[in-house]
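This report refers to the structure that appears directly beneath it.
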Amino acid sequence: MSSEEYKPILSKSVAKICQHKNFNSCEVSALDSLTNVAEFYLEHLITLTKNFSQLGNRSRINFQDLEAAFKTLGIKWEEVEISATELLAVNKLPVPKSEKPALPRPFQIRNLCLDPPKKIPAYIPPQLPSFPDEYTFKETPTFPQRLKDPSKIREVNAEQTRLVEENLKRLLFPKSQTNSSSKSNLQDDDNDLPCVNYAMSKFYHINKGSNLKSL
Numbered sequence: 001m002s003s004e005e006y007k008p009i010l011s012k013s014v015a016k017i018c019q020h021k022n023f024n025s026c027e028v029s030a031l032d033s034l035t036n037v038a039e040f041y042l043e044h045l046i047t048l049t050k051n052f053s054q055l056g057n058r059s060r061i062n063f064q065d066l067e068a069a070f071k072t073l074g075i076k077w078e079e080v081e082i083s084a085t086e087l088l089a090v091n092k093l094p095v096p097k098s099e100k101p102a103l104p105r106p107f108q109i110r111n112l113c114l115d116p117p118k119k120i121p122a123y124i125p126p127q128l129p130s131f132p133d134e135y136t137f138k139e140t141p142t143f144p145q146r147l148k149d150p151s152k153i154r155e156v157n158a159e160q161t162r163l164v165e166e167n168l169k170r171l172l173f174p175k176s177q178t179n180s181s182s183k184s185n186l187q188d189d190d191n192d193l194p195c196v197n198y199a200m201s202k203f204y205h206i207n208k209g210s211n212l213k214s215l
């Protein structure tokens with residue numbers, strides 16, 4: 001008998017022993033380790049039994065050889081009979097777990113709602129996660145809406161220019177320096193401040209040059 005044939009049988013026997021000892025479940029790695037220990041123990045027992053049969057010039061083993069092997073390993077027949085009787089009295093075999101991994105489902109807000117869950121279409125594989133809540137994608141703007149009205153565009157540009165100029169003033173002249181003399185200097189000298197609007201600055205310099213020529 002190959003290992004592929006007796007390994008499942010031995011694994012079920014070990015699982016039944018664990019179940020008899022009040023174990024409700026067992027990890028696969030632990031069950032494999034116990035199966036390997038049981039396999040090594042049985043091989044050692046069979047080897048001893050075979051050696052005792054060869055010492056008696058017999059090619060086949062008998063119960064006397066098995067009894068001698070039990071005495072060598074310190075096993076008592078009475079304990080074996082009691083354990084075998086108790087195990088045979090239990091008709092329920094241990095059932096292996098499902099091969100599908102039990103992954104925790106992600107928390108969904110709709111689980112707290114009273115609305116019934118929507119039915120998943122048949123063309124969607126069951127192993128895929130469930131759809132996210134509708135509020136995460138139904139009300140999210142993908143692209144900003146562009147302005148087309150020229151008057152609205154001018155208003156937005158003027159407002160942005162005003163905000164930038166105010167921020168530049170705060171950056172160049174902190175509040176600690178905003179006394180009466182600095183305020184008067186700011187009103188008299190406009191060339192110290194950068195002009196954000198290029199078109200207005202060009203118009204300002206042209207008008208200033210024409211005024212100088214007229215003088």
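Counting along the sequence shown from 1, when you hit position 1 you're at 1 in full-length UniProt numbering, and nothing is skipped either side. All C-beta atoms in this analysis are idealised placements derived from N, C-alpha and C, irrespective of residue type, glycine included. No experiment lies behind these values; they were computed from the predicted model shown.
- By the beta-carbon neighbour count (other beta carbons within 10 angstroms, threshold 16), T49 is buried.
- Separation of V156 and N167 (C-alpha to C-alpha, rounded to the nearest whole angstrom) is 17 angstroms.
- For P129, the secondary structure class from DSSP, reduced to helix, strand or coil, is coil.
- No residue range can be given for F23, since it is assigned to no alpha helix (DSSP H) and is classified by DSSP as neither H nor E.
- Look at the stretch 14 to 49 and you find no whole run of alpha helix (DSSP H) that is 4 residues long or longer.
- Counting along the chain, the unbroken alpha helix (DSSP H) around R154 starts and ends at 150 to 172.
- Contact annotation, L42 with V14: C-beta distance approximately 11 angstroms; criterion of less than 8 angstroms not satisfied.
- Rounded to the nearest angstrom, the gap between the Cα atoms of P129 and K119 is 13 angstroms.
- In the three-state scheme derived from DSSP, where H, G and I count as helix and E and B as strand, S83 is classed as helix.
- Here A30 is exposed, its C-beta having fewer than 16 other C-beta atoms within 10 Å.
- The DSSP-derived three-state label of N62 is coil.
- DSSP places K7 within a helical segment (H, G or I) once states are collapsed to three.
- A84 counts as exposed, since fewer than 16 other C-beta atoms from the protein chains shown sit within 10 angstroms of its C-beta.
- Residues F70 of the same chain have their beta carbon placed closer than 8 angstroms to that of V80, with the five preceding and five following residues left out of the count.
- Judged by DSSP in its simplified three-state form, Q54 adopts helix.
- For S53, the closest alpha carbon among the candidates I9, A68, D32, Q145 is that of A68.
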